[in-house]
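J.:
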Amino acid sequence: MTSVTEDSAPPQIVDTRSGTTVVDRPVTGPDLRERRGVRQSTLDEKFNVLGAAAAAIAIATLLFGWITPLNGAIGWVIVAFISFIGAYVLLVSLRSDRQDVADRVATVLLISAGVVLFGALAFIAVYTVVRGSEALPHPNFFTETMELAGPLDPLTMGGILHAIVGSLIQISIALVITIPLGITTAVFLNEVGGPFARFVRTIADAMTALPSIVAGLFVYAAIIQLITHQRSGFAAAMAITVMMLPIVIRASDVVLRLVPGNLREASYALGTTRWRTVWHVVLPTARSGLVTAVILGTARGIGETSPVLLTSGVTAVLNLNPFSGPMISLPLQVFDFVKSPEPNMIARGFGTAATLLILVLVLFLIARAIGGRGPGQLSPRQQRAVSAESLRDARRMMMRESARRARTEEEAP
Amino acid sequence: MTEVTAPPPVTTQPPKKRSLVARRSAQDTVFQSVAYTAGATTVGIMLAVGLFLSLRAGDALKVAGISFLFEQEWSPQTQTFGIAAVLFGTVTIAIIAMCVGVPLALGTALLLSEIVRGRLRSFLVSLVDLMAAVPSIVFGLWGVFFLQSAVIPVSKWISTYFGWIPIFAVTDASGNALTEASAFTSSAFIAGIVVGLMVVPTQTSVMREAFSQAPVGEREGAFALGATRWGMIRTVVLPFGRGGIIGGTMLGLGRALGETIAVYLIISPIFTINWEVLRTGTNSVSALIALRYGEASEFALSALMAAGLVLFLITLVINFTASSIVARSRSGAESG
Chain W
331 MTSVTEDSAP PQIVDTRSGT TVVDRPVTGP DLRERRGVRQ STLDEKFNVL GAAAAAIAIA
391 TLLFGWITPL NGAIGWVIVA FISFIGAYVL LVSLRSDRQD VADRVATVLL ISAGVVLFGA
451 LAFIAVYTVV RGSEALPHPN FFTETMELAG PLDPLTMGGI LHAIVGSLIQ ISIALVITIP
511 LGITTAVFLN EVGGPFARFV RTIADAMTAL PSIVAGLFVY AAIIQLITHQ RSGFAAAMAI
571 TVMMLPIVIR ASDVVLRLVP GNLREASYAL GTTRWRTVWH VVLPTARSGL VTAVILGTAR
631 GIGETSPVLL TSGVTAVLNL NPFSGPMISL PLQVFDFVKS PEPNMIARGF GTAATLLILV
691 LVLFLIARAI GGRGPGQLSP RQQRAVSAES LRDARRMMMR ESARRARTEE EAP
Chain F
1032 MTEVTAPPPV TTQPPKKRSL VARRSAQDTV FQSVAYTAGA TTVGIMLAVG LFLSLRAGDA
1092 LKVAGISFLF EQEWSPQTQT FGIAAVLFGT VTIAIIAMCV GVPLALGTAL LLSEIVRGRL
1152 RSFLVSLVDL MAAVPSIVFG LWGVFFLQSA VIPVSKWIST YFGWIPIFAV TDASGNALTE
1212 ASAFTSSAFI AGIVVGLMVV PTQTSVMREA FSQAPVGERE GAFALGATRW GMIRTVVLPF
1272 GRGGIIGGTM LGLGRALGET IAVYLIISPI FTINWEVLRT GTNSVSALIA LRYGEASEFA
1332 LSALMAAGLV LFLITLVINF TASSIVARSR SGAESG
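Quick note, the sequences are listed as chains W and F, same order.
Just so it is clear: in the first sequence, position 143 is 473 by my numbering, and no numbers are missing.
Just so it is clear: in the second sequence, position 242 is 1273 by my numbering, and no numbers are missing.
In structure tokens:
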């Protein structure tokens, strides 16, 4: 990475018999020269980057208004970036060879890909929250419904309570079906096995390919048109279930696969049945990962718009019964708000989107807090608890042992 | 503790051979049948979706026949309908999304596996996972309210200077170049950018996982031979992670093809094949379904089902190809 030039080469002794070169090391003690940071860049490199950046900004600003017809912030950034790469190649090639130039340019390109991606996604999140900040500070936004508020009403009237409740009811129904079915299927894939399990795995993989709108269309045609004849929260929950089930199965499958085989074998060696092994060894070991799988599935399910669009129906009224009448959810409410040209409705739309985004973020943070580590890896607190428990066990065994020895000594004489 | 027991008295009878197969306990029988049922239910749901779609789509397909694939119009009332235009739009948007997404995903995945380290790396890795969970409606809002107006100058510039390449030209019916902003607002290009950003996190995490499994020995070997970091990436990491790159790309492609809401919000639907990707007006299968399901009659719904079925079959083929490529690659099945 950084070329090293030795200014004062240490004296060398050539062993004439074997032809190897032995570097004479000072025997007086450790070398106390300043330690060089392996990952630090030199002053040269820093100035290359700074110089190229300055040149790029100058070129972009100069070209911008006068020479190129490109306008707008995005155009400026593109011109500046291209001239930055050009200037940087020029500066690096003054001092280094082709290999080094390629390395530097590739590094810059990789870093800029990351900056663009994280920047764009952070910008999307910030933009949503900022545009939503008009609606968010009003407490009525979370406690009222849109029943009595029209498009022209100010933001101090109306809210999205009905959408929040609808989302919670729908995701709860979906979870009630998905968690047992998904995790049991994952257990079946891993612990029972056989040709049928392979078939199930293939089918579950195929199910992840199902476009969300097609899932919605299926529920619309199969449940709403044939059975219930009206849109309802239950139908929406079914559509969400069809979308979430493969996600949960795949994620749990991966987690269960990570449970070490020797734990299972130890359990079998102690004479347990398969069921006991699954219940007492496999599932507890994978618990945090399974919780993560479920929460990530929930985060995906709660943000699904298109299946809900076809199945739940739009309403401005709070509806607590999932089996009759339309029941709106957060993403669909966003969609409904921004269809209106009124600025207040659009502000409400962004407020709802920001609420949804924050909800997903919270779910994700909970998932990270619970399942940030692999199966069997414990947090320091859990580790202390486990070692305290095993210490207790050891003490108990020792007590019993010494009691037994005392008894045998009493009996012996 | 260790107690030496006397050896058992030698019996004259030879020991009976014990069967290696244990009899299943009642608990296990119940457990296995429950697990079996769960698996069968999952398969049942999936088969129900597939069968229902195919059966209902059959009505429309019988009427339309092979012209379903080549007809551009969509009017089931007059029995002339086909998915040529919407499928073309879907594929255009997905290709643009890949052009935007794959370089970003590849670069970010390499950045995360090779350059960034320590705390920052694990933070960014979980940030990528978080981004994959951001609802598509949020991307759609951003695309409509911010990106549309911000991209128009860029589109205009591309069409002015690269208009000699047919797909970048923006012309009206008689072939004159258009310059007013309304000609650029709801193009496949803008929808493609938004969908591309949406699928990048998925692609990034698959690729990063493959790259991070590149064996340390080979990396160090490359360094020991004097390679620069980029040289090492080019000769060790990229060949090793090829399966992950292809698999991640195709996984993202599958999602891009099925994306509905963001596309629906951005595009203005038309039912002709539009080669000029920068010009307003495109369509996609999922947007068509979202647009037309409400007023659809029994037969029109069946036509929409047929369109959905085609989309599903395409994403299915892409997904299976992706997972078999990932599984056969050196970086292994774990990164799927």
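By construction, the Cβ of each residue, glycine as well, lies at the ideal position given by its N, Cα and C atoms.
1) Who are the near neighbours of W:VAL644 in its chain, counting only those whose CB is closer than 7 Å to its CB and skipping five residues on each side?
2) So, helix, strand or coil for W:THR622, using DSSP?
3) Measuring straight from C-alpha to C-alpha, what distance separates W:THR335 and W:ALA536?
4) Can you look up F:PHE1254 in the DSSP assignment and give me helix, strand or coil?
5) Among F:ARG1265, F:SER1180, F:THR1280 and F:SER1354, whose alpha-carbon lies nearest the alpha-carbon of F:SER1218?
6) Residues in the same chain with beta-carbon distance under 6 Å from F:ALA1334, minus the five sequence neighbours each way, listed in chain order, please.
7) Using DSSP's beta-bridge definition, name the partner residues of F:THR1311.
8) From what residue to what residue does the alpha helix (DSSP H) around W:HIS492 run?
9) Could you tell me which chain W residues have their CB closer than 7 Å to the CB of F:THR1346, listed as they occur along the chain?
10) According to DSSP, what are the bridge partners of F:SER1106?
11) Quick one: measure Cβ to Cβ for F:PHE1170 and F:LEU1228, integer angstroms, because I've assumed they're closer than 8 Å.
12) Quick one: measure Cβ to Cβ for W:VAL664 and F:ILE1168, integer angstroms, because I've assumed they're closer than 8 Å.
13) Cβ closer than 7 Å: which chain W residues qualify as neighbours of F:SER1157?
14) Please state whether the Cβ-Cβ distance between W:ALA386 and W:PHE414 is less than 7 Å.
15) Decide if the stretch 507-521 of chain W is in contact with the stretch 552-565 of chain W; the criterion is three or more beta carbon pairs, one per stretch, under 8 Å apart.
16) Check each residue of the stretch 625-649 of chain W: if its Cβ is closer than 7 Å to any Cβ of chain F, include it; give the result in chain order.
17) Hey, quick one: how far does the alpha helix (DSSP H) through F:ALA1358 stretch, first residue to last?
18) If distances are taken between C-alpha atoms only, which option among F:SER1355, F:GLU1104, F:LEU1137 and F:THR1121 comes closest to F:LEU1269?
19) Check whether the Cβ atoms of F:SER1190 and F:VAL1201 lie closer than 7 Å to each other.
20) Below 8 Å on C-beta distance, what does F:VAL1065 contact in chain W?
21) Looking at the unbroken alpha helix (DSSP H) that takes in F:ASN1207, where does it start and where does it end?
22) What is the rounded straight-line gap between the Cα of W:SER720 and the Cα of F:MET1077?
23) Name the two residues that bound the continuous alpha helix (DSSP H) containing F:ALA1069.
24) So for W:PRO481, helix, strand or coil by DSSP?
25) W:TYR418 lies in the alpha helix (DSSP H); which residues open and close that run?
26) Between the alpha carbons of F:SER1354 and F:GLN1110, how many angstroms are there, rounded?
27) Leaving aside the five residues before and after F:TRP1306 along the sequence, list all residues of the same chain whose C-beta is less than 7 Å from its C-beta, in chain order.
28) Determine, using beta carbons only, whether F:ALA1069 comes closer than 7 Å to chain W.
29) Please state if the CB of F:THR1235 and the CB of F:MET1346 are separated by a distance shorter than 7 Å.
30) Skipping 5 residues on each side, what residues in its chain have a beta carbon closer than 6 Å to that of F:ILE1277?
31) What does the alpha-carbon distance come out to for the pair W:THR603 and W:THR615?
32) F:TYR1192: buried (16+ other C-beta within 10 angstroms of its C-beta) or exposed?
33) In whole angstroms, what separates the C-alpha of W:PHE680 from that of W:LYS669?
34) What does W:ARG604 reach in chain F if we use C-beta pairs closer than 7 Å?
35) Indicate whether F:VAL1231 and W:LEU447 have their beta-carbon atoms separated by less than 7 Å.
36) Go to W:LEU593, then tell me how far its alpha helix (DSSP H) extends in each direction, as first and last residue.
T.: The short version:
1) One-based indexing of the first sequence puts residue 644 of chain W at position 314. A distance below 7 Å between beta-carbons, with the five flanking residues on each side excluded, links W:VAL644 to the following residues of its chain, in chain order: PRO656, ILE658, LEU662 and ASP666.
2) Taking the first residue of the first sequence as position 1, residue 622 of chain W is located at position 292. Of the three classes helix, strand and coil, the one that applies to W:THR622 here is helix, per DSSP.
3) For the purposes of this step, residue 335 of chain W is taken as the residue at position 5 of the first sequence. For the purposes of this step, residue 536 of chain W is taken as the residue at position 206 of the first sequence. Note that W:THR335 scores a pLDDT of 44, beneath 50, so its modelled location is shaky and nothing firm can be said.
4) In the second sequence, the residue the question calls residue 1254 of chain F occupies position 223. Here F:PHE1254 sits in helix by DSSP.
5) Stepping through the second sequence from its first residue, residue 1218 of chain F is reached at position 187. Ranking the options by Cα distance to F:SER1218, first place goes to F:SER1180.
6) In the second sequence, counting from the first residue as 1, residue 1334 of chain F sits at position 303. Cβ-Cβ distances below 6 Å link F:ALA1334 to ALA1091, PRO1107 and PHE1112 in the same chain, with the five nearest sequence neighbours on each side left out; the list follows chain order.
7) Numbered from its first residue, the second sequence carries residue 1311 of chain F at position 280. Answer by DSSP bridge pairing, in chain order: F:SER1218.
8) Taking the first residue of the first sequence as 1, we reach residue 492 of chain W at position 162. According to the DSSP assignment, W:HIS492 belongs to the alpha helix (DSSP H) that extends over 491-517.
9) For this step, residue 1346 of chain F is matched to residue 315 along the second sequence. Going along chain W in sequence order, the residues near F:THR1346 (Cβ under 7 Å) are ALA539 and PRO541.
10) Along the second sequence, read from residue 1 onward, the residue named residue 1106 of chain F stands at position 75. DSSP lists F:THR1111 as partners of F:SER1106.
11) Residue mapping note: residue 1170 of chain F aligns to position 139 of the second sequence, counting from 1. Residue mapping note: residue 1228 of chain F aligns to position 197 of the second sequence, counting from 1. Right, the Cβ-Cβ distance comes to about 7 Å (below 8 Å), so this counts as a contact.
12) Position 334 of the first sequence, counted from the first residue, corresponds to residue 664 of chain W. Position 137 of the second sequence, counted from the first residue, corresponds to residue 1168 of chain F. Right, their Cβ atoms sit about 5 Å apart.
13) Here the question's residue 1157 of chain F lines up with position 126 in the second sequence. Near F:SER1157 (Cβ distances below 7 Å), the residues of chain W are ARG698.
14) Start at 1 with the first residue of the first sequence, and residue 386 of chain W comes out as number 56. Start at 1 with the first residue of the first sequence, and residue 414 of chain W comes out as number 84. The beta carbons of W:ALA386 and W:PHE414 sit closer together than 7 Å.
15) Fewer than three Cβ pairs drawn from the stretch 507-521 of chain W and the stretch 552-565 of chain W lie within less than 8 Å of each other, which leaves the two stretches out of contact.
16) Listed by position along the chain: LEU626, ALA629, ARG630, GLY633, THR635, SER636, LEU639 and LEU640.
17) Position 327 of the second sequence, counted from the start, is the residue given in the question as residue 1358 of chain F. Looking at the DSSP string, the run of the alpha helix (DSSP H) that includes F:ALA1358 is 1329-1359.
18) The sequence position of residue 1269 of chain F within the second sequence is 238, counting from 1. Distance from the Cα of F:LEU1269 is smallest, within the candidate group F:SER1355, F:GLU1104, F:LEU1137 and F:THR1121, for F:LEU1137.
19) Here residue 1190 of chain F refers to the residue found at position 159 when the second sequence is read from its first residue. Here residue 1201 of chain F refers to the residue found at position 170 when the second sequence is read from its first residue. In contact: F:SER1190 and F:VAL1201 (Cβ atoms closer than 7 Å).
20) Your numbering for residue 1065 of chain F matches position 34 in the second sequence. Within chain W, the residues near F:VAL1065 are THR514.
21) Locating residue 1207 of chain F in the second sequence gives position 176, counting from the first residue. Per DSSP, F:ASN1207 belongs to no alpha helix (DSSP H) and is neither H nor E.
22) Along the first sequence, one-based indexing puts residue 720 of chain W at 390. Along the second sequence, one-based indexing puts residue 1077 of chain F at 46. Rounded to whole angstroms, the separation of the alpha carbons of F:MET1077 and W:SER720 is 47 Å.
23) Position 38 of the second sequence, counted from the start, is the residue given in the question as residue 1069 of chain F. In the DSSP assignment, F:ALA1069 falls within the alpha helix (DSSP H) that extends over 1057-1095.
24) Residue numbering aside, residue 481 of chain W sits at position 151 when the first sequence is read from its first letter. Collapsing the DSSP output to three states places W:PRO481 in coil.
25) What you label residue 418 of chain W is simply residue 88 of the first sequence in a count that begins at 1. Its alpha helix (DSSP H) spans residues 403-425.
26) Position 323 of the second sequence, counted from the first residue, corresponds to residue 1354 of chain F. Position 79 of the second sequence, counted from the first residue, corresponds to residue 1110 of chain F. Approximately 38 Å between the Cα atoms of the pair.
27) On the second sequence, position 275 is the one that residue 1306 of chain F refers to. Result list for F:TRP1306: PRO1197 and ILE1198, in chain order.
28) Mapped onto the second sequence, residue 1069 of chain F falls at position 38. Chain W, which has a Cβ nearer than 7 Å to the Cβ of F:ALA1069, makes this yes.
29) Stepping through the second sequence from its first residue, residue 1346 of chain F is reached at position 315. Stepping through the second sequence from its first residue, residue 1235 of chain F is reached at position 204. Note that residue 1346 of chain F corresponds to Thr in the displayed sequence, not to Met. In this structure, F:THR1346 sits away from F:THR1235, with a CB-CB distance that is not shorter than 7 Å.
30) Sequence index remark: in the second sequence, residue 1277 of chain F carries index 246 (1-based). Cβ neighbours of F:ILE1277 beyond the five flanking positions: ILE1356.
31) Mapped onto the first sequence, residue 603 of chain W falls at position 273. Mapped onto the first sequence, residue 615 of chain W falls at position 285. Roughly 17 Å between the two C-alpha positions.
32) Position 161 of the second sequence, counted from the start, is the residue given in the question as residue 1192 of chain F. F:TYR1192 is exposed by the Cβ-count criterion.
33) What you label residue 680 of chain W is simply residue 350 of the first sequence in a count that begins at 1. What you label residue 669 of chain W is simply residue 339 of the first sequence in a count that begins at 1. One C-alpha to the other measures close to 12 Å.
34) In the first sequence, the residue the question calls residue 604 of chain W occupies position 274. Within chain F, the residues ASP1059 and PHE1062 have their CB atoms less than 7 Å from the CB of W:ARG604, given in chain order.
35) On the second sequence, position 200 is the one that residue 1231 of chain F refers to. On the first sequence, position 117 is the one that residue 447 of chain W refers to. By the CB criterion at 7 Å, F:VAL1231 and W:LEU447 fall inside the cutoff.
36) Position 263 of the first sequence holds residue 593 of chain W. Taken as a continuous stretch (DSSP letters only), the alpha helix (DSSP H) holding W:LEU593 covers 591-599.
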